[in-house]
Every structure is written in C-alpha cells, then in structure tokens.
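Asks:
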Amino acid sequence: MPELPDVEAFRGILASCAQGRRIRRTEVYDAGVLHGVSAGRLRRELTGRRFAEPERRGKWLLARTDGPTVLLHFGMTGELVCATPAEPVHAHDRVVFTVTGGRQLRYRDQRKLQGLWLVDEAGLDRMLRDQGPDAATLTRQGLGAVLAGRRGSLKSVLMDQSALAGLGNLLVDEILWRARLHPARRAGALSADEHGRLYTELRRTLRSAVRAGRVPPRGSWLTGRRDDPGASCPRCGTALCRKRLAGRGTVWCPDCQPDGTAGGET
DNA sequence: GCATATGTTATGAA
DNA sequence: TTTCATAACATATG
C-alpha cells in the first residue's frame, strides 16, 4: 500500500484521530516492529504525552508529541487505523495507542518490514538525513536537479528515496506511462520536452493519488490494469510489457513508451 | 515447492 | 564514485 499518497492519508487519520489528545495507554503486541526502543521505554516515554500536528516526509510519517516523536514507516503492508477500544484487536495490530476521547490509533502491518522508531530532534535528523526532496512539493527546477548528471534509469532514480522522496513502484510506473517515457531511459538524458512531460505528469498523478488516498486502481490508470492477465494499455490497447527493472516488477506500454533504440524490445 | 507482492538496506560486482 | 542486481527481512497468496 504505502507510497506518498497512502502515507499522506495516514497523516490525515492520525490528525483526526489523535492530534491534541493525550496518550492513555501504549500496547505493544509485537515488539518486532520497534527499532532502537523497548516496549517498556516506549510506554514510559509516551504515556501522558499529547499528540501534536503530524508531518509526512517522503514515505515517513512523523507523529510528533509534546515530548519525543514517533517515526513510522509502513513498508509494503503497513497502515494506520483509527478504532475504538471496543473493536477487537486485529491479528496484525502491532502497536496500539489509546488516546483521550475514546479512540485508538493502531499501527497495523502484516509483513513487519519496517516499523516504529522513537526519536528526539537529533535522532529525527539522523534518520531522515538522506531523504531527497519531497515529491509532493517538487518544483520543475527541483526535478532538473534530481535528474542532472544521473546515468541510471528513470525507474531507478525516481524510486531512489535519497534522490526524490515519496514515489514507489506503482507511482513511478504510472507517471512514466503518462509521460510516455520508457522506464529504462537514462535519467540525465531527457530533452526539454520530455523533462516537461515528466514534471507535468508527476504533479498531475500525485495530485490525483493524494486526493484518492492511494494510487487508485482505476481502469483508466496503468495501476488498474497492471495485474490483469493479458494486461493491455488503457490508452492504446497494446499488450503491456513486464520486466524486472531496478529490482522491481516494472510495467510499461511498448507503443506509448518507446525505449529510444531502433527495433524496440519485449 | 515456486513466484509474486505498494519498501529499505547491505553487499559484491561492473 | 556510480550503478546494477541480488539477497535478506516476514508473511500471505496463487
């Protein structure tokens, strides 16, 4: 689930569920999601604290309090759920904060690839030091700086959180498909027109996805088709290509996204 | 058993 | 130095 739009939605959930409320209880059902902090210390340091306005940076969610900050990363399967204490604990609820006002904020994650960190300001800086500029506030010039001099593929550079923070596998494929750019194109070798298309579609795609709270699996989006058997391009109907690129399953339309070499490929 | 899955990081090789 | 693929992490599904 979690790319920038999903984490943005989790930020909204945290804000409406817990901002301004005090933490009454902290229950850790699986300490395997805690990083650099024990369940006991998490409970001691957070109980009685009040959640402040949360922030998002790339795929990280900063749950600020009037004390330390809880840093959350959702890996591939994590989510943040607002519930009531009456609702039974879900099998994948790993940490549950009960706040004043009868609500619970639940960190739910099946695979536990990432988790929670408890940090002060210095720790926060250390953790997020290597993040690139946030994709949601990227300027055209900012994109130029991200791509300039990069010899790697568009796919790998746009996925690289230290180059540009927030985009994941689905979003990058979606944006490149809309911009009609082949994922294996060299990032630093775009024409002015291609650069403009990439920037426009990056902004447009992110705006829609953030509004939807996810990368919407609509039929008019690549994301809505990519997992269909015999998937075809929503724009031209050509059979989609699929290959491992930059370590991830990558989907593109060979007709809309020419690879720049004569003859194309499959 | 095999391959796949929206993420990150360490490692070794070009 | 940069970039790539790969394995690892933990779990579920087809």
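Going by our numbering, the first residue of the first sequence is number 655, and it counts up by one from there.
Where a beta carbon is used, it is the ideal one built from N, C-alpha and C, also for glycine.
Please read these numbers as outputs of a predicted model, since none were measured by experiment.
#1: Give me the Cβ distance between residue 820 and residue 713, rounded to the nearest whole Å; I'm assuming they're in contact under 8 Å.
#2: Going along the chain, which residues of its own chain have a beta-carbon closer than 6 Å to the beta-carbon of residue 786, five neighbours each way excluded?
#3: CB-CB under 6 Å to residue 679, same chain, minus the five flanking residues each way: which ones, in chain order?
#4: Hey, which unbroken runs of the beta strand (DSSP E) at 3 residues or more fall wholly within the region 714-743?
#5: Mapping the DSSP letters down to three states, classify residue 766 as helix, strand or coil.
#6: Measure the beta-carbon distance from residue 870 to residue 859 and round it to whole angstroms, keeping in mind my assumption that it falls under 8 Å.
#7: Using the rule of at least 16 other Cβ atoms within 10 Å of the residue's Cβ for burial, across every protein chain shown, is residue 664 buried or exposed?
#8: Here's the rule I'm using: 16 or more other beta-carbon atoms within 10 Å means buried, otherwise exposed. How should residue 768 be labelled?
#9: Can you tell me which of the three DSSP states residue 895 falls into?
#10: Suppose you measure from the CA of residue 736 to the CA of residue 747; what does that come to, to the nearest Å?
#11: Buried or exposed: residue 708, going by 16 or more other Cβ atoms within 10 Å of its Cβ?
#12: Does DSSP put residue 831 in a helix, a strand or coil?
#13: Check whether the region 714-729 and the region 774-788 touch, using three or more Cβ-Cβ pairs below 8 Å as the test.
#14: Output needed for residue 675: all residues of its chain with C-beta closer than 8 Å, excluding positions within five of it in sequence on either side, in chain order.
#15: Excluding the 5 residues preceding and the 5 following residue 800 in the sequence, name in chain order all residues of the same chain whose CB lies nearer than 6 Å to its CB.
#16: Mind checking whether residue 770 and residue 667 have CB atoms under 8 Å apart?
#17: Mind checking which residues open and close the beta strand (DSSP E) that includes residue 681?
#18: Here's a check: name, in chain order, each residue in its chain whose Cβ is nearer than 8 Å to the Cβ of residue 683, leaving out the five neighbours to either side.
#19: Between residue 851 and residue 839, which are expected to be in contact by the criterion C-beta below 8 Å, what is the C-beta distance as a whole number of angstroms?
#20: Look up residue 754 in the DSSP assignment and say whether it is helix, strand or coil.
#21: Go through its chain and collect everything with a Cβ distance to residue 920's Cβ below 8 Å, but skip five positions before and after it.
#22: Hey, would you say residue 853 sits closer than 8 Å to residue 804, going by beta carbons?
#23: Going by DSSP in three states, residue 670 sits in which element: helix, strand or coil?
#24: Can you find the residues in the same chain that come closer than 7 Å, C-beta to C-beta, to residue 900, ignoring five residues on each side of it along the sequence?
#25: Just verifying my parser: in three-state terms, what is the DSSP assignment at residue 660?
#26: Taking only the alpha-carbon atoms, compute the straight-line gap between residue 918 and residue 874 and give it to the nearest angstrom.
Replies: The short version:
#1: Right, their Cβ atoms sit about 6 Å apart.
#2: The answer, listed in chain order, is 816, 817, 818 and 819.
#3: Contacts found: 752.
#4: As far as the region 714-743 is concerned, its whole beta strand (DSSP E) runs of at least 3 residues are 714-717, 723-727 and 732-737.
#5: Residue 766 falls in the coil class under three-state DSSP.
#6: Between residue 870 and residue 859 a beta carbon distance of about 10 Å is seen, past the 8 Å cut, so the two are scored as non-contacting.
#7: Counting Cβ neighbours within 10 Å, residue 664 comes out buried, since at least 16 surround it.
#8: With a 10 Å radius around the Cβ and a threshold of 16 neighbouring Cβ atoms, residue 768 comes out buried.
#9: DSSP places residue 895 in strand when its eight states are reduced to three.
#10: Across the structure, residue 736 and residue 747 are spaced so that their CA atoms are roughly 11 Å apart.
#11: So residue 708 ends up on the buried side.
#12: Correct three-state label for residue 831: helix.
#13: By the C-beta criterion, the region 714-729 is judged to be in contact with the region 774-788, since at least 3 inter-stretch pairs fall below 8 Å.
#14: Hits under 8 Å: 704, 705, 753, 754, 755 and 757.
#15: Excluding positions up to five away in sequence, the list reads 817 and 818.
#16: Remark: C-beta atoms of residue 770 and residue 667 do not approach each other more closely than 8 Å.
#17: DSSP places residue 681 in the uninterrupted beta strand (DSSP E) bounded by 677-682.
#18: 743, 747, 748, 749 and 750.
#19: That pair is no contact at about 12 Å.
#20: Residue 754 falls in the coil class under three-state DSSP.
#21: Here the model assigns residue 920 a pLDDT of 38, short of 50, so the residue's position is not dependable, and the following value carries that caveat. Result list for residue 920: 895 and 908, in chain order.
#22: No; because the gap between Cβ atoms is not below 8 Å, this pair is not in contact.
#23: DSSP, reduced to helix, strand and coil, places residue 670 within a helical segment of the structure shown.
#24: Excluding residues within five positions, the ones whose Cβ falls inside 7 Å are 807, 809, 810 and 813.
#25: In this structure, residue 660 counts as helix in the three-state DSSP scheme.
#26: Residue placement at residue 918 is poorly supported in this model, since its pLDDT is 40, which falls under 50; the coordinates are not used for a value here.
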